[in-house]
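Before any comments, here is the structure.
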Amino acid sequence: MGLEEDIIKLLKTEGFKINEAIRDALDEFVDVVEEENEDMDEDLDDDDEEEEEAEG
Numbered sequence: 015m016g017l018e019e020d021i022i023k024l025l026k027t028e029g030f031k032i033n034e035a036i037r038d039a040l041d042e043f044v045d046v047v048e049e050e051n052e053d054m055d056e057d058l059d060d061d062d063e064e065e066e067e068a069e070g
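For what it's worth, this note's numbering labels the leading residue of the sequence shown as 15, then goes sequentially.
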C-alpha cells in the first residue's frame, strides 16, 4: 500500500481532499497498473523465448 499512500500524500499537498471513494478508486487504479505491468513483462518474456527458438 506504499504507492497508494504516496499518491494520497501528493494529492493532499496539492490541496485535494481525499474520501473513501477516492481511496477505493486509487486502489483499483494501482491494481490495474500492476496487472498491466505483469502482462507486459510476460509478453516480453514470450518474445524473448520466441527469438531464442528462432535462433536455435
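Where is the CB? At the ideal position from N, CA and C, for every residue including glycine.
Query raised in the report: If we ignore side chains and look at the alpha-carbon of each, how far apart do residue 16 and residue 62 end up?
Result: As a position in the sequence shown, residue 16 is number 2, starting the count at 1. As a position in the sequence shown, residue 62 is number 48, starting the count at 1. Rounded to whole angstroms, residue 16 to residue 62 spans 32 angstroms at the Cα level.
With DSSP run on the structure shown, which of helix, strand or coil describes residue 43?
To locate residue 43, count along the sequence shown from 1; it is residue 29. Here DSSP, grouped into helix, strand and coil, assigns residue 43 to helix.
For residue 33, does the three-state DSSP call read helix, strand or coil? The residue you call residue 33 lines up with position 19 of the sequence shown. Three-state DSSP puts residue 33 in coil, outside helix and strand.
Apart from the five residues on each side of it in sequence, which residues of its chain come closer than 7 angstroms, Cβ to Cβ, to residue 21? Within the sequence shown, the letter at position 7 stands for residue 21. Answer for residue 21: 40, listed in chain order.
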